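J.:
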DNA sequence: CCAACATTGGTGACACGTCAACTATTTCGC
DNA sequence: GCGAAATAGTTGACGTGTCACCAATGTTGG
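Protein chains in written order, with this note's numbering: chain H, 9 to 161; chain P, 9 to 161.
#1: Does any CB atom of chain P fall closer than 7 angstroms to the CB of residue 96(H)?
#2: Mapping the DSSP letters down to three states, classify residue 3(P) as helix, strand or coil.
#3: Which two residues bound the contiguous beta strand (DSSP E) that contains residue 109(P)?
#4: Based on DSSP bridge pairs, tell me the residues matched to residue 86(P).
#5: Considering only DSSP beta bridges, list what residue 1(H) is partnered with.
#6: Measuring only between beta-carbons, confirm whether residue 157(H) sits less than 7 angstroms from chain P.
#7: Given a cut-off of 7 angstroms, decide if residue 127(P) and residue 12(H) are closer than it, judged by their beta-carbon atoms.
#8: According to the neighbour-count rule (16 or more other Cβ atoms, all chains shown, within 10 Å of its Cβ), is residue 115(P) buried or exposed?
#9: Closer than 7 angstroms, CB to CB, is residue 52(P) near chain H or not?
#10: Beta-carbon of residue 145(P) versus every beta-carbon of chain H: anything under 7 angstroms?
#11: Counting only beta-carbon separations shorter than 7 angstroms, does residue 29(H) have a partner in chain P?
#12: Let me confirm a value: residue 139(H) is counted as buried when at least 16 other C-beta atoms fall within 10 Å, else exposed. Which label applies?
#13: Can you give me the Cβ contacts of residue 38(P) inside the same chain, cut-off strictly under 7 angstroms, excluding the 5 residues immediately before and after it?
#14: How many Å lie between residue 91(P) and residue 109(P) at the Cα?
#15: What is the residue span of the alpha helix (DSSP H) that residue 150(P) lies within?
#16: Does the Cβ of residue 51(H) have 16 or more other Cβ atoms within 10 Å, making it buried, or fewer, making it exposed?
#17: Would you call the CB atoms of residue 41(P) and residue 150(H) closer than 7 angstroms?
#18: Name the chain P residues whose beta carbon is nearer than 9 angstroms to that of residue 116(H)?
#19: Please report the residue range of the alpha helix (DSSP H) in which residue 47(P) lies.
#20: At a CB-CB cut-off below 7 angstroms, which residues of chain H make contact with residue 33(P)?
#21: If we cut at 7 angstroms on Cβ distances, does residue 56(H) have a partner in chain P?
#22: Contact check, residue 55(P) vs residue 107(P) under 8 angstroms by CB: the rounded distance?
#23: What three-state label does DSSP hand residue 58(P) in the structure shown?
#24: Report the neighbours of residue 149(P) on chain H: residues whose CB is nearer than 7 angstroms to its CB, in chain order.
#25: Could you work out which residue in 111(P), 27(P), 98(P) is closest to residue 61(P) when comparing CA atoms only?
#26: Report the neighbours of residue 128(H) on chain P: residues whose CB is nearer than 7 angstroms to its CB, in chain order.
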């Protein structure tokens with residue numbers, strides 16, 4: 009291996025600040041979600057994806073694609089959510105292998121309650137802190153980093 | 009609750025791009041660490057903290073403070089790392105309740121091997137993509153968001 | 001001194017994510 | 001058609017993180 013390009017002091021500072029921010033921001037969102045609703049972030053994402061579809065139901069593989077989750081993760085997650093009555097499995101007549109995930113009334117109620125508080129939290133923790141310019145910069149930087157990121161999806 | 013301040017389209021775009029980036033960047037780092045070493049990110053963080061101390065050993069509570077981890081998380085983590093010979097527990101003579109976590113030779117070797125590749129990955133995935141200005145912006149934005157973040161530490 | 005209280009750390013149950021292996025169905029080449 | 005390969009989803013084992021509770025030791029006020 010060639011000589012290591014160690015981080016400069018400035019780079020270390022950038023990197024550690026970013027890491028800390030992203031960890032704490034995420035932790036804060038998890039805490040808020042848990043405090044204000046019966047949902048986890050993962051539950052929330054699944055329910056959002058389901059309400060975004062006209063029928064309120066999607067095939068597993070499609071849902072996994074939307075969320076960019078592994079299929080087995082989705083399988084476990086849906087099994088847990090089903091136990092709590094947030095979603096249902098439905099047989100798929102077109103394809104004997106497949107199945108639908110459908111949102112239930114209880115699931116719909118849960119997300120309708122959770123969404124406003126979650127959005128408000130994002131506003132408070134992120135956008136209230138940043139100028140319009142900074143928000144644009146954050147997007148540009150995120151997009152730049154995303155570009156080269158090989159994602160095995 | 010007052011009327012919800014929903015996200016504007018631009019805000020949604022910023023937010024989703026940031027979320028995706030931070031998730032994928034993290035996933036890429038985990039993959040690289042797993043591919044190039046026998047360590048997880050958590051292992052790595054613990055070993056870094058240990059090598060940062062002159063003695064190569066720290067009390068549990070202090071280590072938890074350094075990492076801003078919960079004590080029980082650290083306890084589980086150290087137990088697993090101990091099984092793999094990366095760290096040792098040592099009795100604390102000054103305080104019968106306490107204990108030290110100490111890095112082993114095996115642990116030292118592991119981190120010395122893992123660090124260069126990890127740093128190189130951070131360079132490639134982050135700093136090679138960003139101009140100096142963008143790096144500064146990222147730091148400023150992260151710091152800004154961190155400011156108001158109540159952290160229960 | 002000794003009874004409350006605080007502190008240090010550990011433990012068990014559970015939620016979550018990944019990986020590898022599996023079953024059942026469909027599709028495709030011949 | 002039919003057997004091989006692809007596809008849909010499941011399962012079990014394991015690493016990991018959190019929470020609530022526990023044990024042991026130390027500290028402190030009367």
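Where is the CB? At the ideal position from N, CA and C, for every residue including glycine. Everything numeric in this text was worked out from a predicted model, so none of it was measured.
T.: Quick look at the numbers:
#1: no
#2: With chain P represented from 9 up to 161, any question about residue 3(P) goes unanswered, as that position is not in the structure.
#3: 107 to 111
#4: The partner list for residue 86(P) (beta bridge, DSSP) is empty, contrary to what the question assumes.
#5: Outside the modelled stretch of chain H, which goes from 9 to 161, sits residue 1(H), for which no answer is possible.
#6: yes
#7: Yes, the Cβ-Cβ distance between residue 12(H) and residue 127(P) is below 7 angstroms.
#8: buried
#9: no
#10: Under the Cβ criterion of 7 angstroms, residue 145(P) is counted among the residues facing chain H.
#11: yes
#12: Counting the other Cβ atoms within 10 Å of the Cβ of residue 139(H) gives fewer than 16, which makes it exposed.
#13: Excluding residues within five positions, the ones whose Cβ falls inside 7 angstroms are 49.
#14: 13 angstroms
#15: 140 to 155
#16: Buried.
#17: no
#18: For residue 116(H), none of the residues of chain P pass the 9 angstroms Cβ criterion, the least Cβ distance being about 17 angstroms.
#19: Counting along the chain, residue 47(P) falls outside any alpha helix (DSSP H), and DSSP gives it neither H nor E.
#20: Among the residues of chain H, those whose CB is under 7 angstroms from the CB of residue 33(P) are 153, 157, following chain order.
#21: No, residue 56(H) does not count as interfacial toward chain P.
#22: The Cβ separation is near 18 angstroms, so there is no contact.
#23: helix
#24: 138, 142, 145, 146
#25: 111(P)
#26: Among the residues of chain P, those whose CB is under 7 angstroms from the CB of residue 128(H) are 12, 13, following chain order.
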